[in-house]
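Visitor:
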Amino acid sequence: MRLLLQKTLTTISAAMLAGAAAVWADDPATGEKPSSQSGKETPLFTTTVRTTAYTHTEEDHISYGKKTALGTDLRYTPEYHSAAADWSRFPLGTKFKIKGYNRIFVVDDYGKALTGSRTIDIYFDTKQRMNNWGVRWVEIEVLELGSFQESRKILASRAKHPHCLAMLASMTVDDWWKVYDR
0 MRLLLQKTLT TISAAMLAGA AAVWADDPAT GEKPSSQSGK ETPLFTTTVR TTAYTHTEED
60 HISYGKKTAL GTDLRYTPEY HSAAADWSRF PLGTKFKIKG YNRIFVVDDY GKALTGSRTI
120 DIYFDTKQRM NNWGVRWVEI EVLELGSFQE SRKILASRAK HPHCLAMLAS MTVDDWWKVY
180 DR
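181 is the number that numbering that gives the first Met the number 0 gives the last residue of the sequence shown; the numbers go up by one with no jumps.
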């Protein structure tokens, strides 16, 4: 029974990932991602998550400056916001929108407090904006699922840190199901 379930999940996840890759392949002529006829991105799926907010000037963030876990700059632009999550649930590179907001968020960071949770931490450029956001339960539209493989590589190189090891240990071959698990 377990083998049958595992084979079924593997088949489903392979089909989903192949479908997602086909849907989100760049247009060779323009280099752009396809969108629905209404001009809006078509979500792969929607889910409800708890969101919190963070900024680079928080006391526990000062040592990192304006850098993500990758060492790239945290983003707060009209096009993109950086976001942190448990990479075993929302892997590095996951792109999503919060319903009701016309902005794309990209998971490019992680945090100890997020490990093992369905909480996504949204980056804001000021403490005032961070405090205005507070804690909210929101529905998100996942536009593109990030890379579990890239997440694994980075976390494996940092496995001496308990939260990185916990995220790494929580990953499986069929990781996609975690984002659906409410």
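Don't be surprised by glycine CBs; every beta carbon is placed ideally from N, CA and C.
Whose C-alpha, out of P42, G99, K96 and D85, is nearest the C-alpha of C163?
Guide: D85
Visitor: For K126, which option in W136, V48, F89 and T54 has the closest C-alpha, if you only look at C-alpha atoms?
Guide: T54
Visitor: Drop a sphere of 10 angstroms on the beta-carbon of V48, count the other beta-carbons inside from all chains shown, and report buried for 16 or more, exposed for fewer.
Guide: buried
Visitor: Which same chain residues, not among the five before or five after G110, have their C-beta less than 7 Å away from its C-beta?
Guide: A83 and D120
Visitor: If you measure between the beta carbons of G106 and Y79, is that distance less than 8 Å?
Guide: Rather than Gly, the amino acid found at residue 106 in this sequence is Val. Cβ atoms of V106 and Y79: not closer than 8 Å.
Visitor: Could you please give the first and the last residue of the uninterrupted alpha helix (DSSP H) stretch that includes R128?
Guide: K126 to W132
Visitor: Return the chain-ordered ranges of every alpha helix (DSSP H) run that is complete within the stretch 73-158 and spans a minimum of 4 residues.
Guide: Along the stretch 73-158, the alpha helix (DSSP H) occurs as fully enclosed runs of 4 or more residues at 126-132 and 147-155, listed in sequence order.
Visitor: Run through the DSSP bridge pairs and tell me what T71 is partnered with.
Guide: T71 is not bridged to any residue.
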